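What follows is a single structure, written as structure tokens, with notes after it.
2 protein chains.
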Amino acid sequence: MLQKRIDDQPSISPEMVREAQGILHQHLKKVGLKQTAQRDTILRTFLDTREHLSTDELYRLVRKKDPKIGYTTVYRTLKLLAECRLASEVAFHDGIARYEHQYNRRSHHHMVCTDCGSSVEFFSNEVERLEQDIGRKYRYMTTRHSFQIYGVCEDCRKKNGAARVV
Amino acid sequence: MLQKRIDDQPSISPEMVREAQGILHQHLKKVGLKQTAQRDTILRTFLDTREHLSTDELYRLVRKKDPKIGYTTVYRTLKLLAECRLASEVAFHDGIARYEHQYNRRSHHHMVCTDCGSSVEFFSNEVERLEQDIGRKYRYMTTRHSFQIYGVCEDCRKKNGAARVV
DNA sequence: TCGATCTTGAAAATGAAATTCAAAATCGCC
DNA sequence: GGCGATTTTGAATTTCATTTTCAAGATCGA
Ligand SMILES: [Mn+2]
Ligand SMILES: [Mn+2]
Ligand SMILES: [Zn+2]
Ligand SMILES: [Zn+2]
Numbered sequence: 000m001l002q003k004r005i006d007d008q009p010s011i012s013p014e015m016v017r018e019a020q021g022i023l024h025q026h027l028k029k030v031g032l033k034q035t036a037q038r039d040t041i042l043r044t045f046l047d048t049r050e051h052l053s054t055d056e057l058y059r060l061v062r063k064k065d066p067k068i069g070y071t072t073v074y075r076t077l078k079l080l081a082e083c084r085l086a087s088e089v090a091f092h093d094g095i096a097r098y099e100h101q102y103n104r105r106s107h108h109h110m111v112c113t114d115c116g117s118s119v120e121f122f123s124n125e126v127e128r129l130e131q132d133i134g135r136k137y138r139y140m141t142t143r144h145s146f147q148i149y150g151v152c153e154d155c156r157k158k159n160g161a162a163r164v165v
Numbered sequence: 000m001l002q003k004r005i006d007d008q009p010s011i012s013p014e015m016v017r018e019a020q021g022i023l024h025q026h027l028k029k030v031g032l033k034q035t036a037q038r039d040t041i042l043r044t045f046l047d048t049r050e051h052l053s054t055d056e057l058y059r060l061v062r063k064k065d066p067k068i069g070y071t072t073v074y075r076t077l078k079l080l081a082e083c084r085l086a087s088e089v090a091f092h093d094g095i096a097r098y099e100h101q102y103n104r105r106s107h108h109h110m111v112c113t114d115c116g117s118s119v120e121f122f123s124n125e126v127e128r129l130e131q132d133i134g135r136k137y138r139y140m141t142t143r144h145s146f147q148i149y150g151v152c153e154d155c156r157k158k159n160g161a162a163r164v165v
């Protein structure tokens with residue numbers, strides 16, 4: 000899946016990788032789980048990307064670093080990363096769960112092309128504020144929100160236009 | 000699933016049922032499909048509710064009116080209703096697709112309790128405007144958006160608070 | 001009425017997510 | 001360093017909503 004990005008952030012620095020691993024290790028200790036080489040490999044592979052990865056996509060990347068790591072472990076580790084706020088699930092409504100970096104990352108939303116699946120990220124303070132306002136109004140203790148815009152990107156409109164002429 | 004409602008609209012009038020059926024029949028003719036008793040029964044059952052129904056929930060209601068109607072027909076008819084804008088899918092992220100009335104209904108969004116699954120509806124012009132703004136900015140032809148707030152409702156907080164004391 | 005076309009619904013297939021379980025690894029403790 | 005209780009791993013299996021299949025039945029224009 001293609002990714003068009005608004006911000007062109009550099010890949011994550013070694014210090015941030017160490018910091019992120021520290022967060023994972025601390026979380027593991029806190030909930031009585033154990034450090035493993037698999038979990039570290041999966042975290043490092045995840046940090047190496049800036050995409051919105053499905054479990055399967057991350058699994059394929061992890062396999063290159065250690066072919067013995069199984070799909071189930073990747074699936075379970077992604078849940079762990081979400082637990083300690085290193086990753087968060089993004090809903091593109093294509094029927095599969097996707098994850099992206101969350102640590103040291105500015106909160107943002109996505110506009111998704113329903114033709115090619117590519118996406119752009121955008122920022123909106125209004126949406127953040129709305130969560131607070133509506134939560135207060137109806138006495139919910141809000142935890143998160145989900146906001147996506149769907150449409151057809153310029154490239155796909157051009158392609159489809161050309162196809163129609165033929 | 001419980002439904003707390005902001006607006007307390009009366010159940011749909013006979014005129015609106017007729018009107019909605021007209022819209023379905025017109026759509027069927029337009030795309031070369033046929034009128035059937037099953038489709039009419041499913042539409043009427045759907046209009047009788049004001050909930051956010053899963054296919055299975057609607058199927059159970061339809062069965063009471065005509066036990067011979069199968070799950071697959073309900074599933075397919077809900078897609079038809081969405082096609083002709085009588086229904087729309089709502090994403091509560093509980094793993095199943097839900098549908099609600101769309102015809103003559105003000106556009107709105109949902110705040111969902113992650114404990115009990117109940118929801119409140121709210122209105123926001125800002126969100127509608129944001130779809131336009133972001134679409135224009137990144138040259139997407141936008142078709143729709145999806146916005147939900149998640150949290151814990153007051154009732155669930157009370158219950159959990161009580162449980163904690165015990 | 002006729003017949004081409006569409007519909008129906010039980011059954012099967014699909015596919016992502018979740019669970020199972022026995023062998024292997026971790027880590028606090030001595 | 002080694003012990004052993006506890007957790008992890010990963011292949012295999014299960015789950016479950018959704019989607020497809022297909023043969024018998026219904027629709028509707030001519
Ligand atoms: Mn993103
Ligand atoms: Mn609603
Ligand atoms: Zn596109
Ligand atoms: Zn609740």
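For the protein sequence lines, the chains are A and B, in the order given.
For the first sequence, the residue numbers in numbering that gives the first Met the number 0 are 0 to 165.
For the second sequence, the residue numbers in numbering that gives the first Met the number 0 are 0 to 165.
Glycine is no exception: its CB is placed at the ideal position from the N, C-alpha and C atoms.
These numbers come from a predicted model, not from an experiment.
Between residue i and residue j, what straight-line distance do the alpha-carbon atoms span, to the nearest angstrom?
i	j	result
G31/A	H24/A	10 Å
R156/B	R138/A	10 Å
T54/B	H26/B	21 Å
D114/B	C152/B	8 Å
H144/A	D47/B	30 Å
D65/B	T72/A	47 Å
D154/B	D154/A	48 Å
I22/B	C83/B	7 Å
K158/B	D93/B	21 Å
K28/B	R104/B	24 Å
S87/B	S87/A	27 Å
R49/A	R49/B	42 Å
Evaluate residue i with the Cβ neighbour count: other Cβ atoms within 10 Å of its Cβ, from every protein chain shown; 16 or more gives buried, anything less gives exposed.
i	result
I11/B	buried
G150/B	buried
I5/B	Residue placement at I5/B cannot be trusted, given a pLDDT of 44 that sits under 50; what the coordinates show is reported in the next sentence. Result: exposed.
Q34/B	exposed
Q2/A	With a pLDDT of only 48 at Q2/A, under the threshold of 50, the placement of this residue in the model should not be trusted, and no figure is reported.
Cutting at 6 Å between CB atoms, please list the residues of its own chain near residue i, excluding the five before and the five after it.
i	result
H51/B	V89, R97 and E99
T141/A	E130 and G134
L60/B	T44
I148/B	M110
F146/A	H108 and V126
Q37/B	I68 and T72
K136/A	none
Flag this pair as yes or no: are the beta carbons of residue i and residue j separated by less than 7 Å?
i	j	result
H109/B	S123/B	no
Y102/A	L85/A	yes
G107/B	E120/B	First, the amino acid is wrong: residue 107/B is His here, not Gly. A contact, by the Cβ cut-off of 7 Å.
Cutting at 7 Å between CB atoms, please list the residues of its own chain near residue i, excluding the five before and the five after it.
i	result
D39/B	Q20
I95/B	S53
Grab me the residues of residue i's own chain with a C-beta within less than 8 Å of its C-beta, minus the 5 sequence neighbours each way, in chain order.
i	result
Y70/A	T54, D55 and Y58
F91/B	H51, R97, H109, V111, G116, S118 and Q147
R62/A	I68
V165/A	Below a pLDDT of 50, predicted positions are generally treated as unreliable, and V165/A, at 41, falls in that range; the measurement from the model is reported next regardless. The answer is none, since no qualifying residue turns up.
Pairs of beta-carbons, one from the stretch 128 to 139 of chain B and one from the stretch 70 to 88 of chain B, closer than 8 Å: are there three or more? no
Under 8 Å: do the stretch 43 to 52 of chain A and the stretch 8 to 17 of chain A share three or more Cβ pairs, one atom per stretch? Short answer: they touch.
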